[in-house]
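Chains as they are written, first to last, in this note's numbering: chain A, 71 to 432; chain B, 13 to 437.
Reviewing the structure listed below.
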């Protein structure tokens, strides 16, 4: 730590930010709803969606980032989690479970489907695996649409009750609080996101995380180290799907509907994949930043800018050339091209941890 | 560098750590060679009937001109290829993926899951759901598992059921596709349904019953004539090409001719991957960072630093492996292989591309490895290294072993000289 004292306060602050960006971000996000009243309105819901996408992207990062398996169908597992949660909680079905139990079961169900997809595709690599996952995503979407008796077809399942429905906290109905004030959901999503980040970081720096990266780097050499590529890849499939399923169940709960199956299509998969690549494959802060930029642009900035243009009366005729969302995809594409041109490893490339030199005993 | 005294005792009369018996490797047909860059004519024999013993605690070198089949023999020992003929024994055992209960259970679990998904799709899970879950919700009675099981049973026996539609009760076929009657009152609907069901049941039991399918007995199913379920040949085929990690876990570790480090990981992490199987604890322990998990990771890191210090890379632990100089990458590969806790180390041209000083240091390193009690099987083109450190040398030419013995005998062998310098005629 002695080297820090020689630095200027500004450098020290920057170093602190770099080391503990997670804590700083957590504190800022936790305090924000208390200071920014807008988060009690529509903005709160949008930011919650952003957190949910962050969780989804962290799940995808396990497969694409750590293990190097191209996955174009992550939205399918998002959908499986959402529908599973909805089936377990909606009043029209007999289960009507509590949030935590239903969320755990949805995560496990998504992991099980992930394993079932992973097992037959273990020998596929690169483009071929991409095609299979792409196809699987479409299969899930169409299945959700056609199983009308279970999933409600294009109507989706609703109303999905808010978490804590029927739970009383003093003389306050927790479910009602969730339904009325988006900040409750904001904090729940933030809490889950923080939990997922902690879990991912622990896995990253443990045996399993190293095995994931080793298989990505060189499967043959990993096998020569006694690592079973089969098990390692399957664990990546399962972990990735479980986290995506968890994100899906938060999504359904926050919207209080599963929305229609088209919400879980290829576009969503690609959007999340782009966020992970843009931020930096295999990097947790990179993934979070990628989602904040791409999805944040889409769900927070674009509506806000549109509202502002309307308010300023810049675009009285309603021409799409003068509305911000008309240019949404163009900005999106341009940003991707620029980042890939100037920072091909992503905005925050994965950084391998520096370990202190240990004493060698004996 | 001290000259070694006489022959090491390991050469005399001990059980060889590794033994190859009549190993033949043939490429062509359906053998996958995509993992390694090999350019072989179809159907060619790369290694032919190779016998080789590696005594414990010795350094044995495998030499020969380019294309003699040395690396292929290595790949066979480390499980990248299954031999086309012959056997490889390590500590007297053949290394194959063990057929354990857990293999069976995991295969069954994955099979069951996949089977369930397909079965669900095949029985029209949508209608099944309607029959079992939704019909349980239309009356005010609480949903019970027994009730659900009852409706499931009824669905598969194609019994009539009661559905609700727009406030009216409908008597429908099990899959809900045919509506037989509509009533306003639930009790009345139930009565009608029971009546109709009785009629249907009577009709079904009517003319012609299905013959019993039990009279076709399997011949030979009687006592005796028990065929062993998995004989050796079948096991061989099951294990073929799938046993790389099994080989490594048995205690054989290797380096590669073209360096195969995990080049985007740090030096330390490369060694930790080598230590992978020695670190206890499962996924939950990692997720919750249990004290045991922490202790295991710390102990592994200490052992990794020890392995790095052994090859002289202790100062580079945090560097990215791919950015190390070439010679250091070679040494890191050796450290990684040592970390697996192997008893037999296969080194594939460890001195390739090294200058004389580095080569000499490497020869010392290999000797220090042997002095730790490990056994080394070495492929090398630097003859001074081979002749200086080997306890035994085997020479391959065109896949056939042409000489074997102590270095000083081999270097005088006429066939070896001919293989290296070319024949006279």
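Where a beta carbon is used, it is the ideal one built from N, C-alpha and C, also for glycine.
None of the values given here were measured: they were computed from a predicted structure.
On the premise that residue j lies in contact with residue i, defined as a C-beta separation below 8 Å, what is that separation, rounded to the nearest angstrom?
{"i": "residue 271 of chain B", "j": "residue 345 of chain B", "result": "6 Å"}
{"i": "residue 142 of chain A", "j": "residue 339 of chain A", "result": "5 Å"}
{"i": "residue 208 of chain B", "j": "residue 192 of chain B", "result": "6 Å"}
{"i": "residue 359 of chain B", "j": "residue 267 of chain B", "result": "5 Å"}
{"i": "residue 173 of chain B", "j": "residue 143 of chain B", "result": "6 Å"}
{"i": "residue 149 of chain B", "j": "residue 162 of chain A", "result": "7 Å"}
Can you tell me whether residue i is helix, strand or coil according to DSSP?
{"i": "residue 89 of chain B", "result": "helix"}
{"i": "residue 171 of chain B", "result": "coil"}
{"i": "residue 419 of chain B", "result": "helix"}
{"i": "residue 153 of chain B", "result": "coil"}
{"i": "residue 73 of chain B", "result": "strand"}
{"i": "residue 390 of chain A", "result": "coil"}
{"i": "residue 110 of chain B", "result": "coil"}
{"i": "residue 258 of chain A", "result": "helix"}
{"i": "residue 424 of chain B", "result": "coil"}
{"i": "residue 237 of chain A", "result": "coil"}
{"i": "residue 78 of chain A", "result": "coil"}
{"i": "residue 242 of chain B", "result": "Caution is warranted here: a pLDDT of 41 is assigned to residue 242 of chain B, below 50, making its placement in the model unreliable, and the coordinate value is therefore given only provisionally. Three-state DSSP puts residue 242 of chain B in coil, outside helix and strand."}
{"i": "residue 176 of chain B", "result": "strand"}
{"i": "residue 230 of chain B", "result": "Note that residue 230 of chain B has pLDDT 39, beneath the 50 cutoff, so the model's placement of it is unreliable and the number below is only indicative. Coil."}
{"i": "residue 80 of chain B", "result": "coil"}
{"i": "residue 33 of chain B", "result": "strand"}
{"i": "residue 373 of chain A", "result": "helix"}
{"i": "residue 56 of chain B", "result": "coil"}
{"i": "residue 136 of chain B", "result": "coil"}
{"i": "residue 367 of chain A", "result": "helix"}
{"i": "residue 95 of chain B", "result": "coil"}
{"i": "residue 227 of chain A", "result": "coil"}
{"i": "residue 414 of chain B", "result": "strand"}
{"i": "residue 252 of chain A", "result": "helix"}
{"i": "residue 162 of chain A", "result": "coil"}
{"i": "residue 65 of chain B", "result": "strand"}
{"i": "residue 27 of chain B", "result": "coil"}
{"i": "residue 408 of chain B", "result": "strand"}
Which residues in the same chain as residue i place their Cβ atom closer than 7 Å to its Cβ, once the five residues preceding and following it in sequence are excluded?
{"i": "residue 62 of chain B", "result": "32, 35, 85 and 413"}
{"i": "residue 233 of chain A", "result": "169, 248, 258 and 323"}
{"i": "residue 276 of chain B", "result": "332 and 334"}
{"i": "residue 138 of chain A", "result": "286"}
{"i": "residue 316 of chain B", "result": "280, 283, 284, 287 and 351"}
{"i": "residue 394 of chain A", "result": "372, 375, 376 and 379"}
Identify, in the order they occur along the chain, each residue of the same chain with its Cβ nearer than 6 Å to the Cβ of residue i, setting aside the five sequence neighbours on each side.
{"i": "residue 434 of chain B", "result": "none"}
{"i": "residue 29 of chain B", "result": "66, 68, 356 and 387"}
{"i": "residue 238 of chain B", "result": "The predicted position of residue 238 of chain B is uncertain, since its pLDDT is 37 and thus under 50; no value can be drawn from it."}
{"i": "residue 156 of chain A", "result": "227, 230, 322 and 328"}
{"i": "residue 203 of chain A", "result": "141, 142 and 143"}
{"i": "residue 433 of chain A", "result": "Lying before the first or after the last residue shown, residue 433 of chain A is absent from chain A, which here runs from 71 to 432."}
{"i": "residue 242 of chain B", "result": "Its pLDDT being 41, under 50, residue 242 of chain B is placed unreliably by the model, and the measurement read from it follows with that caveat. Nothing meets the Cβ criterion."}
Near residue i, what residues of its chain come up, given a Cβ to Cβ distance below 8 Å and the 5 sequence neighbours on each side ignored?
{"i": "residue 160 of chain A", "result": "166, 227, 228, 229, 230 and 231"}
{"i": "residue 267 of chain A", "result": "92, 128, 354 and 358"}
{"i": "residue 350 of chain B", "result": "265, 286, 319, 322, 323, 357, 381 and 386"}
{"i": "residue 228 of chain B", "result": "In this prediction, residue 228 of chain B has a pLDDT of 36, which is less than 50 and means its spatial position is unreliable; nothing more can be read from the coordinates."}
{"i": "residue 345 of chain A", "result": "123, 127, 357, 360, 361, 363, 364 and 365"}
{"i": "residue 292 of chain A", "result": "281, 284, 285, 299 and 302"}
Using only the heavy atoms of the ligand SAM, determine whether one of them is closer than 6 Å to the beta carbon of residue i.
{"i": "residue 354 of chain A", "result": "This structure lacks the ligand SAM; in fact it carries no ligand of any kind."}
Is the region 294-309 of chain A touching the region 160-172 of chain A in the sense that three or more CB pairs, one from each, lie closer than 8 Å? no
Are the region 385-395 of chain A and the region 331-344 of chain A in contact at 8 Å, needing three or more beta carbon pairs? no
Going along the chain, which unbroken runs of the alpha helix (DSSP H) with 4 or more residues stay wholly within the region 270-347 of chain A? The region 270-347 of chain A contains, as complete alpha helix (DSSP H) runs of 4+ residues, the segments 277-287, 289-294 and 299-325 (chain order).
Mind the definition here: the region 408-422 of chain A touches the region 350-361 of chain A only if three or more C-beta pairs lie below 8 Å; say whether that holds. yes
For a minimum of 4 consecutive residues, which ranges assigned as the alpha helix (DSSP H) are wholly contained in the region 304-389 of chain B? Along the length of the region 304-389 of chain B, whole alpha helix (DSSP H) runs at least 4 residues long occupy 338-351 and 368-383, reported in chain order.
Complete alpha helix (DSSP H) runs within the region 85-117 of chain A (minimum length 4 residues, chain order): Segments of the alpha helix (DSSP H) lying fully in the region 85-117 of chain A: 91-105.
Per the contact definition of three or more C-beta pairs closer than 8 Å, is the region 301-321 of chain A in contact with the region 121-135 of chain A? yes
For the structure I just gave you, are there three or more beta carbon pairs, one from the region 87-96 of chain B and one from the region 398-412 of chain B, closer than 8 Å? no
Counting only runs that start and end within the region 187-212 of chain A, where is the beta strand (DSSP E) found for 3 or more residues in a row? At a cut-off of 3 residues, not a single continuous stretch assigned as beta strand (DSSP E) sits fully inside the region 187-212 of chain A.
Count Cβ pairs between the region 207-219 of chain A and the region 125-144 of chain B that sit closer than 8 Å; are there 3 or more? yes
Stretch pair the region 81-92 of chain A + the region 306-319 of chain A: three plus CB contacts closer than 8 Å: no
How do the region 364-379 of chain A and the region 91-111 of chain A stand: do at least 3 beta-carbon pairs fall below 8 Å, yes or no? no
Using 8 Å as the threshold, is the region 114-129 of chain B in touch with the region 282-296 of chain B, meaning 3 or more CB pairs across them? no
Whole beta strand (DSSP E) runs in the region 181-221 of chain B with 3 or more residues, listed along the chain? 191-195
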